[in-house]
Structure formats: C-alpha cells, structure tokens
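Student: Dropping a structure here in structure tokens format, bear with me for questions.
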Amino acid sequence: MLNNDKVIGKIVKIEGIHVLIEITEKDIANKISLFMGSGDFAVSINKLLFSVLPSGKKVVGRITKIFDRNMFDQNSIFINASDRFLIEADLIGIHDDYLKKFDSGINHFPIIGSEVYAVNERIQKSVLDIGSKWRIEVGNSFNDPNIYISANPDILFGKHLGVFGNTGTGKTCTLASVIQGIKRRIYNNSDGSKSEINPKIIIFDSNSEYDRAFASEEFKVRIITKQELKLPHYHLNFSEYYKFLGASQGVQAPVLKASIKQLRAKNNDEKKFKLSDVPTEIRKYLMTQAEKGADNERNKTFSFSQWYGWNATMINRIERLIEDEDLISMIETDQNTVEEVLRSDDEVILIQADFNKDELDIVMFLFSKLIYEWSTKNRDNEHKNHVLILFEEAHRYINEDDAEEYKLGNYYIERLAREGRKFGISLIISSQRPSELSPTVVSQCNSFIVHRITNKKDFDVINKILSTNNQNLLSIIPGLEKQYAIVLGEAFGYSDVIKIFDAYPTPKSDDPEVIFNWKNNSAKVIGEAISKLDEESTLDNFVRGIANRTKT
C-alpha cells in the first residue's frame, strides 16, 4: 500500500490500454456506484484510478465498466455470497511524482497482480493541470462538483474551437458562459490573481439570441443590424465576380470582365464601380461587338440578338440582385463594417445574421474575404488586436455539400480556418449538425465542447474526433443532460464530462413553453370575446333606451 492511498483492487487482465481489475477491498465493494458523477464513491463510471509501474511512475486509468463477476459463472445456481466485483478501465496517461507532471498516452504498462488505487488529490490536480500561464474556468467536474475544470485560454481562444450538440442541449448558453468568463474567470496560474481582459469578439447571431446575454456594461457591445451591415463588393477579384454574378467561362466571363474594366475606367478607379450599371454596360459591349462584325464584310461575326442570347442568364441574375434593395444597400457602398469594428474599441460585436439562404451566402463570403484581406495587410502591425469570430448555426453556410451553381462557397472561411491564427484570427464553430460542416474547417478545430448528440452521422464525426483512449466517452454523449458536455482537445488538460457554468444573463434561447402560451392565448381570446359581448350588450341597452324614449 502506498502511504495513505486507498487500495481498490488488483489487475487481473491487460489487453492493450484496457485493463480488468478485481475489487479486493470489502469496504470498497460495499461502496460502489453504478452511476456516473457520484462524488462520494471511489469507484464509479468515469472515475480515475492508478497503478504503480515497475519504473515507479504511475499509470492512470478511467473506469468504463463495473460488473459482478458472478455473471461469468454460468454453472452455479447460487449467487456467490462474497462481494466480488470487476472493473474495466482504459489507461489514459502516466504521472511522474518527481516532475509532478501528467502526460497523456501510454508507453509503459503495469503488470498482472499490481495493486490499483483511487487517485489522490495530487494526481488529480496533475491530470487536470493545463500547463499554461493563464487559465479560464469553464465548469465543474461531473464526478466531483467541487473540482473546477479549466482550459488554456491562449489555445481555447487563440486556435479554433468546435461546439457541437443537438438543438436544445445548451450550446448557446455554453458559448455565452465561456465568453462571459473572459471577463470573470481568467486567472494567473502563478498567483491566482484575476486578469483584466479587453477582447475583440465578433458573433454572427443567426437567431438574435445573444443581445440579452451581453446587455450589461461588463463588455463594450455593439449590435449591427441587417440594415447597418456594410460589406463593399468591389474587393472581389474577377474570378469571384464570375461566381458571384453567374458568368460561365465560355462567353459570359470575358464579357463581364470587359464590362467591369470599362466601368472602372469611366470612374477613374482601379476597383470601384456600381453593380447597378453592369447590365447597361454589358448591353453596350454586346452592341459594340455586333457592330464590329456588321462593319467587317470579310470577317463577319454575330448579331446583337445572338450575343444577348448567350449572355441572357448572366444579365438576368445581375438584374435580380439589383432588385434586392436590402442586399444592394449592403454591398453597393464605400462603408466597410469589418474595418470599422476592427479599428474600434468595441469588445463584443453582435451581427444579427437573419438572412435568407442566398443573402447569407453572399454575406459570409464577403465578410470572410474582407476580414482575411484586412488581417493579412495588418499582420505586421504590433498593436493589432486578436479577433475571435463565433459562427453560430455554422452548418447553414459552412456546408460542403451545398454546391449550387452560383454558391460562392467556403473558400475564405476555410482559409481563415487554415491560416487565421497566423494573422490573429481564431474561430468558434457552433453547430447542431457537425456532419454537414466542411471537413476542412472541422479538422482545423483542436478543442471541442460536445453536448448531447443522437444523430448517427453527427455521432460518427465525434467518433473521429475522440482519441483512442477517450473512446469510452462516446457511450456517454447520447445521454448527456442539458448544460452538461464533454470537453476535449488541446485547450483542456483532460477529457471529461463537466457541467458548464451558468450564463448570466442568459441568451434568448429558452425552451418553448407551448402550453403556457396556448393557455394565455385562450384566456386572451375569451377575454376579448367577453369584452365584445359587454360592448354589444351596452350598445343593445343604448338602442333600447332610445327606442323606449321615442315611443313615449
């Protein structure tokens, strides 16, 4: 026995990183919890234990199964009177007492018969240690509510984070809590002092949920409505204009390029022109081409009607875009919202992204291009501020399967995912359908917060994310309660089930109270009907009174 460490049992089988442990201590056998999250029990699902290696280091495992060994005795008709239980555990890493350090992964294995112990406070602290100067507390351990689970904020907010889970599992509250924690729960690991932070966070708020979560004066908040968002189109290059305006590579692309060049020349500007002038300029160009052919008897080309027929689909698409007044007012402008917010001292910028599908495609492409363009130009600026971008409902616009003919695609969002951290840009990708997201973007996330997921395709994505020694957590995911999640990846010292800290104030993502709503509506309808009857009764009495006076 090691000092005062509590013996649980001994190893009776080793199969790769999976070990089978026989519980030998009677007081332990009488205090077994078959449930996860039982803080008072040394043995319960997801609890940690350790055994000593021949080298003196300690191999740490996580409990995955607990069962009665009598279930294997098929010949006995009597239940064995003695309490003999077995534990299955997965080895997750090795702790070095001398270095006071825990390393994930297994390169040495225990031997059969080795005693197994419940983890002590020293090892537990080492396993949970994130090894960084700063820490942000994100929640409580499900196994022991007295243990705070922290993340390395430089990685959590400096690289890319994926937050996944079915609708209604608490993703929005989790994100609000984590972002609120930037001001409330970032500490210096050396002295425990709280740190003052001035972040720059852009949130694409697809459902207008976050304004309530940041209603206090804790953050400097700016809300940008759909009407206030300005993303000038003239930052696009020719190939992007071809895609945006639906120009095919045969005839239409050269016609569009020539027309844009002509408009820029008229404006004496290398970039700017008005989209509303493009259809007229295209027609002029086509007329010129037809007239050139008519004047050249030896080298006759095509008529205007032929030219126009070849370009009609492109012209029609441009005219449809021009007719969308909201879209044109957003992209036909010299004002640049991206530059404004990046140069401002605003800390949380909420973009109310309630756009339809076609608008959202254009908005996300222009936004990601503008922010990529700005960040690459300012990468050498010593005073640049790191930018964190939260893409809510990301499957709506970071979707590789949605490859429509004119869809601008995920090109710049994927570039931000691949290269953004070099330029001071990191992403939070939030989605209820991770299987529909671009694999490129998901693969660039190196930390994850996973709420309950039940869809098989989405479940398979999480399966690929989890490392081999965390595969047992898969069985837990479909049963997670609201507000509970699995945290894993580089930002977290240890993959675990945690209860996310409450968001306060909460975002507007409450579950619908259907019966209460219907009940109130019924009362309102009845009240209005009674009022109407009262009015009619009063009117009837008034009419009768006049009639009676007339008779007399």
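Residues are numbered in our numbering as their position in the sequence shown, beginning at 1, plus a constant of 3.
In this text, a Cβ means the ideal position worked out from N, Cα and C, and glycines have one as well.
Please state the DSSP three-state secondary structure of Asn7.
Tutor: In this structure, Asn7 counts as coil in the three-state DSSP scheme.
Student: Considering Tyr414, what are the terminal residues of the alpha helix (DSSP H) in which it resides?
Tutor: From DSSP, the alpha helix (DSSP H) with Tyr414 extends over 414 to 422.
Student: Check each candidate in Lys50, Trp137, Glu350, Gln183 and name the one with the smallest Cα separation from Lys197.
Tutor: The shortest Cα separation from Lys197 among Lys50, Trp137, Glu350, Gln183 belongs to Trp137.
Student: Considering just the uninterrupted stretch of the beta strand (DSSP E) at Leu232, what are its terminal residues?
Tutor: First-last for Leu232: undefined, no H or E at that position.
Student: Is the Cβ-Cβ distance between Asn210 and Arg455 less than 9 Å?
Tutor: In this structure, Arg455 does not lie closer than 9 Å to Asn210 by Cβ.
Student: By DSSP, does Phe451 sit in helix, in strand, or in coil?
Tutor: Note: Phe451 maps to strand in three-state DSSP.
Student: Would you report the Cα separation of Thr304 and Phe276, rounded to the nearest angstrom?
Tutor: The alpha-carbon atoms of Thr304 and Phe276 are separated by roughly 30 Å.
Student: Nearest to Asn413 by CA position, among Leu289, Ala397, Lys502, Ile354, is which residue?
Tutor: It is Ala397 whose Cα lies nearest to the Cα of Asn413.
Student: What is the residue span of the beta strand (DSSP E) that Leu159 lies within?
Tutor: It is not in any beta strand (DSSP E) - Leu159 instead sits in the alpha helix (DSSP H) that spans 156 to 159.
Student: So Lys61 and Ile126 are supposed to be a Cβ contact under 8 Å. How far apart are they, rounded?
Tutor: About 7 Å; that satisfies the 8 Å criterion.
Student: Mind pulling the alpha helix (DSSP H) runs of 4 or more residues that sit fully within the stretch 83 to 152?
Tutor: Here the runs fully enclosed are 124 to 131.
Student: When the Cα atoms are used, what is the spatial distance from Ser144 to Leu51?
Tutor: Taking the straight line joining both Cα atoms gives about 12 Å.
Student: Excluding sequence positions up to five away, which residues of its chain have a Cβ less than 8 Å from the Cβ of Gln338?
Tutor: For Gln338, where only same-chain residues beyond five positions count, the Cβ hits under 8 Å are Lys233, Pro235.
Student: Give the DSSP bridge partners of Gly492, in chain order.
Tutor: Looking at the DSSP assignment, Gly492 forms a beta bridge with Ser450.
Student: Okay, do the stretch 87 to 107 and the stretch 15 to 29 touch, 3+ Cβ pairs below 8 Å being the bar?
Tutor: The stretch 87 to 107, when compared against the stretch 15 to 29, does touch it at the 8 Å Cβ threshold.
Student: Do the stretch 167 to 186 and the stretch 108 to 124 touch if we need at least three Cβ pairs shorter than 8 Å?
Tutor: No, the stretch 167 to 186 is not in contact with the stretch 108 to 124.
Student: Closest to Tyr507 by C-alpha separation, out of Phe217, Arg286, Arg65, Ser47, would be which residue?
Tutor: Taking only the C-alpha atoms, the option nearest Tyr507 is Phe217.
Student: For the putative contact between Ser347 and Ile428, defined by C-beta atoms under 8 Å, what is the C-beta separation to the nearest angstrom?
Tutor: Wrong, their Cβ atoms sit about 16 Å apart, outside the cutoff.
Student: Would you check if there are 3 or more beta carbon pairs closer than 8 Å linking the stretch 118 to 135 to the stretch 464 to 476?
Tutor: Judged by Cβ distances under 8 Å, the stretch 118 to 135 makes no contact with the stretch 464 to 476, as fewer than three pairs qualify.
Student: Please classify Gly12: is it buried, with 16 or more other beta-carbons within 10 angstroms of its beta-carbon, or exposed?
Tutor: It is buried - the Cβ of Gly12 has at least 16 other Cβ atoms within 10 Å.
Student: What do you get for Ile152, buried or exposed, if any count of 16 or more other CB atoms within 10 angstroms of its CB means buried?
Tutor: So Ile152 counts as buried.
Student: What is the rounded straight-line gap between the Cα of Asp272 and the Cα of Glu328?
Tutor: Distance between the alpha carbons of Asp272 and Glu328 is about 24 Å.
Student: Let me make sure I understand the geometry here. Which of Val15, Ile452, Pro156 has the alpha-carbon closest to that of Leu89?
Tutor: Closest option to Leu89, Cα to Cα, is Val15.
Student: Report the partner residues of Ser54 according to the DSSP bridge assignment.
Tutor: In DSSP, Ser54 forms a bridge with Val62, Val119.
Student: In the DSSP assignment, the alpha helix (DSSP H) including Lys372 goes from what residue to what residue?
Tutor: Counting along the chain, the alpha helix (DSSP H) containing Lys372 begins and ends at 360 to 380.
Student: Is DSSP giving Gly249 helix, strand or coil here?
Tutor: In this structure, Gly249 counts as coil in the three-state DSSP scheme.
Student: I want to know whether the stretch 154 to 168 touches the stretch 506 to 520 - three or more CB-CB distances under 8 Å.
Tutor: With the cut-off at 8 Å, the stretch 154 to 168 and the stretch 506 to 520 do not touch.
Student: Helix, strand or coil for Leu393? Go by DSSP, reduced to three states.
Tutor: Strand, per DSSP.
Student: Return the first residue and the last residue of the alpha helix (DSSP H) that Ile309 is part of.
Tutor: First, the residue type needs correcting, since residue 309 is Gln and not Ile in the sequence shown. Start and end: 307 to 326.
Student: Hey, quick one: how far does the beta strand (DSSP E) through Phe504 stretch, first residue to last?
Tutor: Note, Phe504: premise wrong, no beta strand (DSSP E); not H, not E.
Student: Classify Glu18 as helix, strand or coil using the three-state DSSP reduction.
Tutor: Three-state DSSP puts Glu18 in a strand.
Student: Closer than 9 Å, CB to CB, is Ile325 near chain B or not?
Tutor: No chain B appears in this structure, which consists of one protein chain only.
Student: According to DSSP, is Phe38 helix, strand or coil?
Tutor: The predicted model places Phe38 with a pLDDT of 49, which falls under 50 and marks its position as unreliable; any figure quoted below should be read in that light. Three-state DSSP puts Phe38 in coil, outside helix and strand.
Student: Between which two residues does the beta strand (DSSP E) carrying Asp208 extend?
Tutor: That run of the beta strand (DSSP E) goes 204 to 208.
Student: Between which residues of its own chain and Asp8 is the CB-CB distance below 8 Å, once the five residues before and five after are set aside?
Tutor: These residues qualify, in order along the chain: Tyr120, Ala121, Asn123.
Student: Going by alpha carbons, who is nearest to Gly142 out of Ile227, Phe207, Ser498?
Tutor: Per the Cα distances, Ser498.
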